[in-house]
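Reading through the structure tokens given below for one structure.
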Amino acid sequence: QVQVVESGGGLVQPGGSLRLSCAASGSIFVITVTGWYRQAPGKERELVASITGGGTAIYADSVKGRFTISRDNGANRASLQMSSLKPEDTAVYYCKARQRGSDYWGQGTQVTVSS
Numbered sequence: 005q006v007q008v009v010e011s012g013g014g015l016v017q018p019g020g021s022l023r024l025s026c027a028a029s030g031s032i033f034v035i036t037v038t039g040w041y042r043q044a045p046g047k048e049r050e051l052v053a054s055i056t057g058g059g060t061a062i063y064a065d066s067v068k069g070r071f072t073i074s075r076d077n078g079a080n081r082a083s084l085q086m087s088s089l090k091p092e093d094t095a096v097y098y099c100k101a102r103q104r105g106s107d108y109w110g111q112g113t114q115v116t117v118s119s
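Residue numbering for the sequence shown is 5 to 119, as defined by the working numbering.
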């Protein structure tokens, strides 16, 4: 059974930084973390950053230049480094992984940007 676990969320002041981590496990087949998404209250879930198997990253316009997605020791782990955080970045952040054509989501980690 595939499990996707996010960590690293919390409360941070505007202008601060946080690093989110994602780890996918639970299968003998390759599991690949494909991206980070977020969902703010009353809004739909949106893509924050995605990363291909080759390491190419794509970012939402709202986070370009502030967030960086990277892999950590394998395709089944990834991080999201967030800098210059703004109140509008407040949301639950979700990691998505893919295995054999199916997508798997973590439970999410709350990021709150507030003074």
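We put the beta carbon where it would ideally sit given N, CA and C, even for glycine.
Contact check, L89 vs G20, beta carbons under 8 Å: Taking the first residue of the sequence shown as position 1, residue 89 is located at position 85. Taking the first residue of the sequence shown as position 1, residue 20 is located at position 16. Yes, the pair counts as a contact, with Cβ atoms nearer than the cut-off.
Three CB pairs or more closer than 8 Å across the stretch 87–102 and the stretch 34–46: yes
Would you report the Cα separation of P18 and R70, rounded to the nearest angstrom? Looking up residue 18 in the sequence shown gives position 14. Looking up residue 70 in the sequence shown gives position 66. Answer to the nearest angstrom: the Cα atoms are 13 Å apart.
Would you give the residue range spanned by the beta strand (DSSP E) that L24 belongs to? Sequence index remark: in the sequence shown, residue 24 carries index 20 (1-based). Counting along the chain, the beta strand (DSSP E) containing L24 begins and ends at 22–29.
Taking only three categories from DSSP, how would you classify E48? Here residue 48 is taken as the residue at index 44 of the sequence shown, counted from 1. Coil, per DSSP.
Is the Cβ-Cβ distance between L15 and T116 less than 8 Å? On the sequence shown, position 11 is the one that residue 15 refers to. On the sequence shown, position 112 is the one that residue 116 refers to. The answer is yes: Cβ separation under 8 Å.
Please report how far the alpha carbon of G12 lies from the alpha carbon of T60, in whole angstroms. Indexing the sequence shown from 1 puts residue 12 at position 8. Indexing the sequence shown from 1 puts residue 60 at position 56. Distance between the alpha carbons of G12 and T60 is about 23 Å.
What are the complete beta strand (DSSP E) segments, minimum 3 residues, inside the stretch 39–103? 50–55, 61–63, 71–75, 81–86, 95–103
Is the CB-CB distance between R81 and A27 below 8 Å? Taking the sequence shown and counting its residues from 1, one reaches residue 81 at position 77. Taking the sequence shown and counting its residues from 1, one reaches residue 27 at position 23. Closer than 8 Å, so yes.
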